[in-house]
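K.L.:
Residue numbers (the working numbering): 1 to 366.
What follows is the structure in structure tokens.
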């Protein structure tokens with residue numbers, strides 16, 4: 001989430017606005033005095049089901065202890081969690097909770113893990129094997145690494161690190177339980193219109209293509225951080241807010257495929273891209289998505305955050321899937337459990353669905 005997603009090219013943006021005839025964009029941005037959705041429940045005990053989890057970032061002030069966070073998740077039926085590093089107190093709190101976990105290998109660890117199998121074995125021993133009562137689901141080797149960013153060779157470490165972590169997990173007899181992948185951003189996509197023509201940017205293909213092929217060979221998903229808010233703020237005059245918030249009536253693209261929301265457009269563009277490089281069997285897990293409630297102008301509001309996350313949950317937990325991959329739920333992790341006030345820019349501070357006092361920031365249900 002370190003850079004603005006630019007998955008929607010200008011051709012799509014202009015066509016979309018023309019086809020919708022500026023369909024209530026202004027009303028969607030301002031709310032125009034409309035009340036909050038009356039069907040939203042105040043019951044936080046139905047927060048997350050089946051395919052939906054939460055991201056637990058810890059760069060905030062006054063946050064609850066990991067033990068209290070795990071208790072909060074259990075109380076609210078949150079059964080999946082993404083954590084970004086092997087924080088020992090968090091892993092201890094998760095032991096025996098039955099919460100499924102995406103465990104991150106931090107970007108700062110990649111070079112060491114990629115350097116040798118022994119290093120990767122030690123990492124897995126210290127952070128996975130030593131926690132037999134934690135229900136690990138995926139290991140995310142790096143977060144949003146990209147050749148498009150100045151990362152001093154870091155992209156070169158990702159695939160070797162994935163291989164070494166995979167070997168360590170397999171040697172421990174956990175290969176059938178824990179899949180090894182990496183989390184990427186949607187900015188890797190070059191062509192996105194129509195989604196059926198989706199391809200990766202030329203500058204990233206030497207990086208991402210072998211990763212996709214490795215994941216396909218191991219039956220592992222690609223983790224993707226999908227932030228529609230960034231797509232919107234990059235194109236506020238040409239991307240309809242209601243299409244991003246799952247409240248539009250839908251549009252039919254020139255290739256005849258109808259899309260109800262921007263989320264599916266982005267996922268299908270990525271599916272097209274990974275299919276084009278040998279990843280037809282690779283599933284996408286949405287490892288981050290959310291909407292800020294403040295800090296970024298009119299589009300960042302409690303109303304929009306609540307609308308996005310509630311509609312997201314309904315969509316991904318249903319059986320519609322996307323037009324390109326229909327008929328199944330979409331495993332998704334809402335960003336973020338709490339606000340993180342140590343991040344910049346300002347809107348990065350306001351993705352949380354809970355307050356530090358463990359009360360819900362707004363009603364959210366299915």
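Just so it is clear, CB atoms sit at the ideal spot from N, CA and C, and this is done for glycine as well.
Can you tell which of 170, 92, 142 and 250 has its C-alpha closest to the C-alpha of residue 132?
P.N.:
Along the chain shown, one-based indexing puts residue 132 at 132. It is 92 whose Cα lies nearest to the Cα of residue 132.
K.L.:
Looking at C-alpha atoms only, which residue of 194, 269 and 295 is the closest neighbour of residue 224?
P.N.:
Here residue 224 is taken as the residue at index 224 of the chain shown, counted from 1. The option with the nearest alpha carbon to residue 224 is 269.
K.L.:
Check for me: the alpha helix (DSSP H) holding residue 275 runs from which residue to which?
P.N.:
Counting from one through the chain shown, the residue named residue 275 turns up at place 275. 262-275 is the span of the alpha helix (DSSP H), which, as asked, contains residue 275.
K.L.:
Identify which residue in 282, 117 and 190 has its Cα closest to the Cα of residue 182.
P.N.:
As a first step, residue 182 is located in the chain shown; it is residue number 182 there, counting from the start. Among 282, 117 and 190, the Cα nearest to that of residue 182 belongs to 282.
K.L.:
If we count the other Cβ atoms within 10 Å of its Cβ and call it buried at 16 or more, is residue 86 buried or exposed?
P.N.:
If you number the chain shown from 1, residue 86 lands on position 86. It is buried - the Cβ of residue 86 has at least 16 other Cβ atoms within 10 Å.
K.L.:
Could you check whether residue 188 and residue 201 sit closer than 8 angstroms to each other, using their CB atoms as the reference points?
P.N.:
As a working mapping, residue 201 is identified with position 201 in the chain shown. As a working mapping, residue 188 is identified with position 188 in the chain shown. Against a cut-off of 8 angstroms, the Cβ pair of residue 188 and residue 201 comes out as a contact.
K.L.:
What's the gap between the Cα of residue 37 and the Cα of residue 307?
P.N.:
Position 37 of the chain shown, counted from the start, is the residue given in the question as residue 37. Position 307 of the chain shown, counted from the start, is the residue given in the question as residue 307. Residue placement at residue 37 cannot be trusted, given a pLDDT of 34 that sits under 50; the coordinates are not used to answer.
K.L.:
Does DSSP put residue 74 in a helix, a strand or coil?
P.N.:
Looking up residue 74 in the chain shown gives position 74. Helix at residue 74.
K.L.:
Confirm, please, whether the CB-CB distance from residue 114 to residue 166 is below 8 angstroms.
P.N.:
The sequence position of residue 166 within the chain shown is 166, counting from 1. The sequence position of residue 114 within the chain shown is 114, counting from 1. No, these two residues do not count as a Cβ contact at 8 angstroms.
K.L.:
Using three-state DSSP, classify residue 287 as helix, strand or coil.
P.N.:
As a first step, residue 287 must be located in the chain shown, where it is residue number 287. Reduced to three states, the DSSP call for residue 287 is strand.
K.L.:
Quick check: the Cα distance between residue 207 and residue 279, rounded to an integer number of angstroms?
P.N.:
On the chain shown, residue 207 is found 207 positions in, with the first residue counted as 1. On the chain shown, residue 279 is found 279 positions in, with the first residue counted as 1. Going by the C-alpha atoms only, they are around 14 angstroms apart.
K.L.:
Who are residue 259's beta bridge partners in DSSP?
P.N.:
In the chain shown, residue 259 corresponds to position 259, counting from 1. 251, per the DSSP bridge assignment.
K.L.:
Do we get a CB-CB distance below 8 angstroms when we pair residue 223 with the residues of chain B?
P.N.:
Any reference to chain B falls outside this structure, which holds one protein chain only.
K.L.:
When the Cα of residue 216 is compared with those of 326, 83, 173 and 271, which residue comes out closest?
P.N.:
Taking the first residue of the chain shown as position 1, residue 216 is located at position 216. Minimum Cα distance to residue 216 is reached at 271.
K.L.:
If you run the structure through DSSP and keep just helix, strand and coil, what is residue 83?
P.N.:
Locating residue 83 in the chain shown gives position 83, where the first residue counts as 1. Looking at residue 83 - three-state DSSP - the assignment turns out to be strand.
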